[in-house]
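The sequence shown runs 95 to 273 under the numbering used here. Glycine residues also receive a C-beta, built at the ideal position from the N, C-alpha and C atoms. Please read the structure below before turning to the comments.
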Amino acid sequence: MLGRKVPAVTFRTRVRDESVGGSNPFRWQDVTSDDYFAGKRVVLFSLPGAFTPTCSTYQLPDFEKLTSEFRALGIDEIYCVSVNDAFVMNAWGKSQGLENVKLIPDGSGEFTRKMGMLVAKDNLGFGMRSWRYAAVVNNGVVEQWFEEEGYSDNCDSDPYGVSSPQNILAALKSKKLAA
Ligand code: BEZ
């Protein structure tokens, strides 16, 4: 993936809009890959599912807490993408009290498939989901790549370490020292 451009897709997000009225004032908003990635240096991480234990207890909250360290190293945004629809991703973000990390709903799995990271998780009743990976993406181009070992369908284990925020911060720091 190093040096490759992230796929051009349109994400179907749900945004709050008081003009909609009623008790659930949300509407659809299409957001493209260009909207998310153009002209920015970001960290993108992807995980098997919203509300799953490792993602909810460690990975997402740790990225959230460590955002200022990422910003100090030249990262403009932190994005979490998952093969879940916008309703689920919004509910997960709300439950996590997110203020920093932005959630990207890839409900159809199109982005994840075009990244080459779509795997079957039928063994868990999940269907097609994302393998765990993360990347530093600069103006839409993958600058650094962090993929958990053992990419496979219906994997019995759920490796987590390479794509942790701590590991990515260490890599960004050593890159800065070497520059
Ligand atoms: C977890 O984040 O712990 C998890 C992810 C996928 C399936 C089961 C658990």
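Cross-strand partners of Val122 (DSSP beta bridge): According to the sequence as given, residue 122 is Trp; it is not Val. In DSSP, Trp122 forms a bridge with Arg108.
Meets three-Cβ-pair contact criterion under 8 Å: the stretch 253-263 and the stretch 237-245: Judged by Cβ distances under 8 Å, the stretch 253-263 makes contact with the stretch 237-245, as three or more pairs qualify.
Arg218: CB within 7 Å of a non-hydrogen atom of the ligand BEZ: A small correction: the amino acid at residue 218 is Leu; Arg does not occupy that position in the sequence shown. Leu218 Cβ: within cutoff of the ligand BEZ.
Val282 versus Leu96: straight-line alpha-carbon distance, rounded: Coverage of the chain is limited to positions 95 through 273, which leaves residue 282 absent and any answer about it impossible.
Spatial neighbours of Ala229 in its chain, beta-carbon cut-off 6 Å, leaving aside the 5 residues before and after: Non-local beta-carbon contacts of Ala229 in its own chain, meaning distances under 6 Å to residues more than five positions away in sequence, involve Leu138, Val236, Trp239 in chain order.
Residues bridged to Cys174 (per DSSP): Within the DSSP secondary-structure output, Cys174 pairs in a beta bridge with Phe139, Leu197.
Residues bridged to Leu212 [DSSP beta-bridge criterion]: According to DSSP, which records beta bridges pairwise, Leu212 is partnered with Ser224.
Identity of the residues DSSP links to Trp186 by a beta bridge: Note: Trp186 sits in no beta bridge, so no partner.
Start and end residues, beta strand (DSSP E) containing Phe157: Phe157 -> not in any beta strand (DSSP E); alpha helix (DSSP H) instead, spanning 154-159.
Pick from Lys270, Trp225, Phe205 that is closest to Pro101, judged by C-alpha positions: That would be Phe205, whose Cα lies nearest to the Cα of Pro101.
Asn232 versus Phe131 - alpha carbon distance: Using only the alpha carbons, I get a separation of about 7 Å.
Any non-hydrogen atom of the ligand BEZ closer than 7 Å to Thr161 Cβ: Every heavy atom of the ligand BEZ is 7 Å or more from the Cβ of Thr161, so no.
Where Lys99 sits in the DSSP three-state scheme: Three-state DSSP puts Lys99 in a strand.
Three-state class that DSSP yields for Asn217 in the structure shown: In the structure shown, Asn217 sits in a helix (DSSP, three-state: H, G or I).
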